[in-house]
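S.K.: What follows is a single structure, and I will ask about it in a moment.
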Amino acid sequence: MSRRHVPIRSCIVCGTKKEKEALLRITLKDGRPVLDRERRMGGRGAYLCPRRECLEGLMKRKERLSYALRRSIPSQDIESFAGGLIREWGEEGE
Numbered sequence: 000m001s002r003r004h005v006p007i008r009s010c011i012v013c014g015t016k017k018e019k020e021a022l023l024r025i026t027l028k029d030g031r032p033v034l035d036r037e038r039r040m041g042g043r044g045a046y047l048c049p050r051r052e053c054l055e056g057l058m059k060r061k062e063r064l065s066y067a068l069r070r071s072i073p074s075q076d077i078e079s080f081a082g083g084l085i086r087e088w089g090e091e092g093e
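Just so it is clear: in the sequence shown, position 37 is 36 by numbering that gives the first Met the number 0, and no numbers are missing.
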């Protein structure tokens with residue numbers, strides 16, 4: 000029996016460490032944050048818990064996304080993106 004390596008990532012809002020597949024991956028496309036549903040987009044990624052608290056926390060701690068992706072992201076782009084995530088994942092993440 001061989002043990003397979005399971006990648007662990009940290010949520011950029013709460014810092015909880017989980018398996019990569021249990022978190023939402025965010026990356027940049029044309030300088031704007033997008034959800035990488037297939038986890039196959041190139042470039043640096045940031046990870047976020049699908050819990051409502053973390054989704055709302057992204058609105059309050061916008062700088063964490065810029066820091067994790069190592070790019071300056073306009074505040075309004077983060078607010079728009081986070082609002083969409085809350086609408087889409089807020090019900091599922093409860």
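From the three backbone atoms N, C-alpha and C, an ideal C-beta is built for every residue, glycine too.
1. Provide the residue(s) that pair with L34 in DSSP beta bridges, ordered along the chain.
2. In terms of residue numbering, what span does the beta strand (DSSP E) encompassing K17 cover?
3. Counting C-beta neighbours from all protein chains within 10 Å, is the total for R24 16 or more, i.e. buried, or is it exposed?
4. So the alpha helix (DSSP H) S79 belongs to, where does it begin and stop?
5. Consult DSSP for C10 and reduce its assignment to one of helix, strand or coil.
6. So what does Y46 bridge to, in DSSP terms?
7. Could you tell me the distance, in whole angstroms, from the CA atom of L34 to the CA atom of R3?
8. For a test of the three-state rule: what should DSSP assign to R51, helix, strand or coil?
M.R.: In short:
1. Translated into the one-based positions of the sequence shown, residue 34 becomes position 35. Note: L34 sits in a beta bridge opposite I25.
2. For the purposes of this step, residue 17 is identified with residue 18 of the sequence shown, where counting begins at 1. Where K17 is concerned, the enclosing beta strand (DSSP E) stretches over K16 to E18.
3. What you label residue 24 is simply residue 25 of the sequence shown in a count that begins at 1. With 16 or more other Cβ atoms within 10 Å, it is buried.
4. Looking up residue 79 in the sequence shown gives position 80. That run of the alpha helix (DSSP H) goes S74 to W88.
5. As a working mapping, residue 10 is identified with position 11 in the sequence shown. Correct three-state label for C10: strand.
6. Mapped onto the sequence shown, residue 46 falls at position 47. Per DSSP, C10 and R24.
7. Numbered from its first residue, the sequence shown carries residue 34 at position 35. Numbered from its first residue, the sequence shown carries residue 3 at position 4. Cα to Cα, the separation comes out at about 26 Å.
8. Start at 1 with the first residue of the sequence shown, and residue 51 comes out as number 52. Three-state DSSP puts R51 in a helix.
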